[in-house]
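These notes concern the structure reproduced below.
In the UniProt record's numbering, the protein residues as written are 1 to 283.
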């Protein structure tokens with residue numbers, strides 16, 4: 001076994017161990033369940049509203065978009081937050097000190113993030129299929145679409161999260177990332193059809209992965225009649241693959257470069273300086 005393959009295997013074990021720890025920790029479980037439960041409640045109260053020009057429930061129509069949003073949060077915010085925190089507490093520095101440690105560390109985060117994203121989707125999807133009329137995964141094609149959107153969405157968003165995490169050495173900066181993300185969700189057709197937005201806002205929303213994740217989930221979970229609420233009365237699978245693929249390619253090129261640079265700059269002195277600044281803010 002080569003050192004690289006050994007590090008990758010160790011990273012996979014690390015990701016699964018961290019996932020098990022998350023599932024057995026009360027606070028982590030609460031954090032995992034809180035957003036999906038609140039989302040389901042909000043969607044349930046939207047069930048009596050309908051899509052413009054149809055009799056289809058707005059709550060049911062919004063559920064797939066919420067699943068796409070969950071994937072984006074898991075991939076982007078989740079990875080960025082972990083990198084910021086573990087850079088400050090010394091985890092990254094310890095990984096750097098081990099031969100091929102950074103490779104194992106990154107593989108572990110990818111595995112943990114992917115499993116966490118899948119769990120988050122299932123927490124919303126399973127109750128959603130039971131609570132909302134019109135939601136269904138009908139046939140092998142729908143299941144394959146759902147799986148493809150999930151995997152492509154994680155590949156498109158996790159490197160972006162790694163880029164943000166590599167550029168920031170302060171976990172408190174996460175709020176500066178979270179707020180633009182909320183604004184992006186508002187213009188991405190998650191809770192209301194993007195066709196109802198002004199053209200320039202709609203164009204901005206279609207540049208980023210969140211809209212396309214929601215669109216892909218809707219194509220897998222909603223009946224064909226719901227396509228009338230989409231741009232061009234089409235699910236636009238080719239465009240979805242193109243945009244998510246472009247973000248994936250860009251992230252996979254840029255993220256390793258920034259992560260290697262971040263790892264080279266990590267040292268005990270830098271970590272101590274960050275800790276001192278944090279203590280000064282507390283005092």
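In this text, a Cβ means the ideal position worked out from N, Cα and C, and glycines have one as well.
So, is residue i buried or exposed, given that buried needs 16 or more other C-beta atoms within 10 angstroms?
i           : result
residue 132 : buried
residue 139 : exposed
residue 218 : buried
residue 161 : buried
residue 39  : buried
residue 179 : exposed
residue 147 : exposed
residue 49  : exposed
residue 182 : exposed
residue 60  : buried
residue 265 : exposed
residue 296 : The displayed coordinates of the chain run from 1 to 283. Any statement about residue 296 would go beyond what the structure contains.
residue 19  : buried
residue 246 : exposed
residue 238 : exposed
Where residue i and residue j are concerned, what is the direct C-alpha to C-alpha distance, given to the nearest angstrom?
i           : j           : result
residue 184 : residue 210 : 8 Å
residue 156 : residue 249 : 8 Å
residue 220 : residue 143 : 7 Å
residue 5   : residue 11  : 10 Å
residue 301 : residue 95  : Absent from the structure is residue 301, since the part of the chain shown begins at 1 and ends at 283.
residue 198 : residue 46  : 23 Å
residue 127 : residue 89  : 37 Å
If you run the structure through DSSP and keep just helix, strand and coil, what is residue i?
i           : result
residue 55  : coil
residue 2   : coil
residue 24  : coil
residue 188 : coil
residue 256 : helix
The segment 104-124 / the segment 5-24 touching (three or more Cβ pairs under 8 Å): yes
Sequence ranges, alpha helix (DSSP H) only - wholly within the segment 106-186, length at least 4: 140-167 and 174-186
Segment contact, 8 Å Cβ cut-off, at least three pairs: the segment 163-179 with the segment 29-37: Look at the beta carbons and you see the segment 163-179 not touching the segment 29-37: under three pairs across the two are nearer than 8 Å.
Inside the segment 41-105 only - alpha helix (DSSP H) runs reaching at least 4 residues: 58-72, 78-88 and 91-97
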